[in-house]
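What follows is a short report on a single structure.
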Amino acid sequence: MKRRSPPPTPGVAMEAVKAIYQELAERPIERNCLLRTDCCRFRLTGRTPFLTKGEALVAAKAVRVSGRKRLPESIDGACPLLDHPTGRCLIYEGRPFGCRTHFCAAAGGPYARSEVVDLIHRLEDIDRTLGGDGAMALPIAVERALREA
Ligand code: SF4
142 MKRRSPPPTP GVAMEAVKAI YQELAERPIE RNCLLRTDCC RFRLTGRTPF
192 LTKGEALVAA KAVRVSGRKR LPESIDGACP LLDHPTGRCL IYEGRPFGCR
242 THFCAAAGGP YARSEVVDLI HRLEDIDRTL GGDGAMALPI AVERALREA
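The sequence shown maps to residues 142 to 290 in our numbering.
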């Protein structure tokens, strides 16, 4: 009888997610982000990034590293992780996959799913091994991961 491998520890899962982010960064897909942060303004775009559990753990850790225990309040329907005084992402190094692949039109537009679908499947696999419930909206996913940490 085949034995199931044990679920990964959160630390191992987070390293696997970061490796996926690194692979994405190495793909020759040209975009020119000018840090306009338009894509962080969910009320304007009508789109909120969805995170798998591994991505949420990475984002929650970055929130903690920034000295916070909870998500900041969302202002004007923007991402709660968009820092209004500076206009910068509070967790840029740990930002989720959707933030790394969804570019505004001025930056060249979002990546085609076919360009990154293999990486999406790997994120979904990690979600399953962590017992996640599938991808969920950024504020819910990160708040949940902060509570679990
Ligand atoms: S996590 Fe950062 S990059 Fe992603 S939408 Fe929020 S502020 Fe923007």
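By construction, the Cβ of each residue, glycine as well, lies at the ideal position given by its N, Cα and C atoms.
(message) Rounded to the nearest angstrom, what separates ARG188 and MET277 at their Cα positions?
(response) Working through the sequence shown from its first residue, we reach residue 188 at position 47. Working through the sequence shown from its first residue, we reach residue 277 at position 136. Roughly 12 angstroms between the two C-alpha positions.
(message) I need the residues with a C-beta less than 5 angstroms from some heavy atom of the ligand SF4; please give them in chain order.
(response) CYS181, CYS220, LEU222, LEU223, CYS230, ARG236 and CYS240
(message) Could you tell me the alpha carbon to alpha carbon distance between THR270 and ILE161, rounded to whole angstroms?
(response) One-based indexing of the sequence shown puts residue 270 at position 129. One-based indexing of the sequence shown puts residue 161 at position 20. Spanning the two alpha carbons is a distance of roughly 16 angstroms.
(message) Helix, strand or coil for CYS220? Go by DSSP, reduced to three states.
(response) Sequence index remark: in the sequence shown, residue 220 carries index 79 (1-based). Correct three-state label for CYS220: coil.
(message) Check whether the region 202-215 and the region 161-181 are in contact - that is, three or more C-beta pairs closer than 8 angstroms.
(response) no
(request) Go to SER207, then tell me how far its alpha helix (DSSP H) extends in each direction, as first and last residue. (result) Mapped onto the sequence shown, residue 207 falls at position 66. No alpha helix (DSSP H) contains SER207, which DSSP labels as neither H nor E.
(request) Let me know if ASP268 comes out buried or exposed under the rule of 16 or more other beta-carbons within 10 Å of its beta-carbon. (result) Taking the first residue of the sequence shown as 1, we reach residue 268 at position 127. Burial state of ASP268 is buried, judged by a 10 Å Cβ sphere holding 16 or more other Cβ atoms.
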